[in-house]
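Asks: Questions regarding the structure given below will be posed in turn.
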Amino acid sequence: MQKYGLENYEKTTKIEEQESDDLYDFPNEYLNCISDNNWWKKLKELETLVLPYCAALNQLQRHNSQLHDVLHCFGNLVIVLHSLDNNNLKNKLLKKLEKRWSDWEQPLLLLAFLLYPGYRIDKFNPEIETLSFPHLGKWVTYYYCAWFNEDPTVILVELEAYRQKKYPYNDATSQQFNNNVLEFWNYVRGYSKELYRVAERIFSIAVTTASLERLFSQWDGYTQSGEIV
11 MQKYGLENYE
21 KTTKIEEQES
31 DDLYDFPNEY
41 LNCISDNNWW
51 KKLKELETLV
61 LPYCAALNQL
71 QRHNSQLHDV
81 LHCFGNLVIV
91 LHSLDNNNLK
101 NKLLKKLEKR
111 WSDWEQPLLL
121 LAFLLYPGYR
131 IDKFNPEIET
141 LSFPHLGKWV
151 TYYYCAWFNE
161 DPTVILVELE
171 AYRQKKYPYN
181 DATSQQFNNN
191 VLEFWNYVRG
201 YSKELYRVAE
211 RIFSIAVTTA
221 SLERLFSQWD
231 GYTQSGEIV
């Protein structure tokens, strides 16, 4: 049996190192890139764009992610894309993101914000009429009829009490549940006859892996096409 002592090991290592030096010299063009300030600028642009996508995916891949988290991620990505200096890239990615937004059932995402007691309509643009309580109330009524196959009788009365933050819809009550929105709506069911049923259905909807893939699949096309680097 052949023995491999320290001497043989050193000889083998030297041969391997020599072959490595001969065959795998670092290309000069790569070294030139590293010393190119424009290359580092492009790399920084890529980092600026990728990190928000990664943050959004990390947030939405949690087991307890809900529909209001999706709307948060859309909003954060829009802010980041608007900050890009590359107008051509910015416009293309915004267009792609708008397409993904249109693929979602938008009223459900909006109602997830509306019925989240920490948000209500505070996060919406007040100049957009269709984001007001009366207009969103139409969607609350629509989903109640669609899900429970009956016409509501007091749901808008309850929605108005929610808007005015009357007990148990007041901040002092909702804040005791530490952002556990399902527990909050389960608590108010003793006061709410219909609105809580819509809220519980909305916040029981899980964000699936398939929906995430649809949301972020546009990123792959731009990394492959070399739009960034």
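In the numbering used here, the protein residues as written are 11 to 239.
Just so it is clear, CB atoms sit at the ideal spot from N, CA and C, and this is done for glycine as well.
Only a predicted model underlies this, so the values are computations on that prediction, with no experimental measurement involved.
1. I'd like to know whether the C-beta atoms of Leu121 and Ile165 end up nearer to each other than 7 angstroms.
2. Would you call Glu160 buried or exposed, if buried means 16 or more other Cβ atoms sit within 10 Å of its Cβ?
3. Nearest to Trp149 by alpha carbon, out of Arg173, Leu124, Ala171 and Asp132?
4. Between the Cα of Tyr126 and the Cα atoms of Asp113, Phe158 and Asp181, which residue gives the shortest distance?
5. If we count Cβ pairs, one from each stretch, closer than 8 angstroms, do we get three or more for the segment 131-144 versus the segment 184-202?
6. Report buried or exposed for Leu145, applying the criterion of at least 16 other Cβ atoms within 10 angstroms of its Cβ.
7. Please classify Leu33 as buried or exposed, where buried requires at least 16 neighbouring CB atoms within 10 angstroms.
8. If we count the other Cβ atoms within 10 Å of its Cβ and call it buried at 16 or more, is Leu53 buried or exposed?
9. What residue range does the alpha helix (DSSP H) around Pro144 cover?
10. What residues in its chain sit with their C-beta under 6 angstroms from that of Ile215, if we drop five residues either side in the sequence?
11. Among Ser184, Asp95, Lys203 and Lys106, which has the Cα closest to the Cα of Glu55?
12. Can the beta-carbon of Leu91 be found less than 7 angstroms from the beta-carbon of Leu103?
13. Please report the distance separating the alpha-carbon of Lys176 from that of Leu59.
Replies: On the basis of the supplied data:
1. Within the sequence shown, residue 121 is the residue found at index 111, counting from 1. Within the sequence shown, residue 165 is the residue found at index 155, counting from 1. Contact: no.
2. Taking the first residue of the sequence shown as 1, we reach residue 160 at position 150. By the neighbour-count criterion, in which 16 or more other beta carbons inside 10 Å mark a residue as buried, Glu160 falls on the exposed side.
3. Locating residue 149 in the sequence shown gives position 139, where the first residue counts as 1. Selection Arg173, Leu124, Ala171 and Asp132 evaluated against Trp149 yields Leu124 as nearest (Cα-Cα).
4. For the purposes of this step, residue 126 is identified with residue 116 of the sequence shown, where counting begins at 1. Checking every option, the nearest Cα to that of Tyr126 belongs to Asp181.
5. Cβ pair count under 8 angstroms is below three, so no.
6. As a first step, residue 145 is located in the sequence shown; it is residue number 135 there, counting from the start. Looking at the sequence itself, residue 145 is His, so the reference to Leu does not match. Flag for His145 reads exposed.
7. Locating residue 33 in the sequence shown gives position 23, counting from the first residue. Residue confidence for Leu33 is low, a pLDDT of 42 falling below 50, so the modelled location carries little weight and cannot support an answer.
8. Residue 53 sits at position 43 when you count from the first residue of the sequence shown. Exposed, because fewer than 16 other Cβ atoms sit within 10 Å of the Cβ of Leu53.
9. Numbered from its first residue, the sequence shown carries residue 144 at position 134. From DSSP, the alpha helix (DSSP H) with Pro144 extends over Phe143 to Phe158.
10. As a working note, residue 215 is residue 205 in the sequence shown. Hits under 6 angstroms: Leu77.
11. Here the question's residue 55 lines up with position 45 in the sequence shown. Out of Ser184, Asp95, Lys203 and Lys106, Asp95 has the C-alpha closest to the C-alpha of Glu55.
12. Start at 1 with the first residue of the sequence shown, and residue 91 comes out as number 81. Start at 1 with the first residue of the sequence shown, and residue 103 comes out as number 93. In this structure, Leu91 places its C-beta atom within 7 angstroms of the C-beta atom of Leu103.
13. Your numbering for residue 176 matches position 166 in the sequence shown. Your numbering for residue 59 matches position 49 in the sequence shown. Cα to Cα, the separation comes out at about 42 angstroms.
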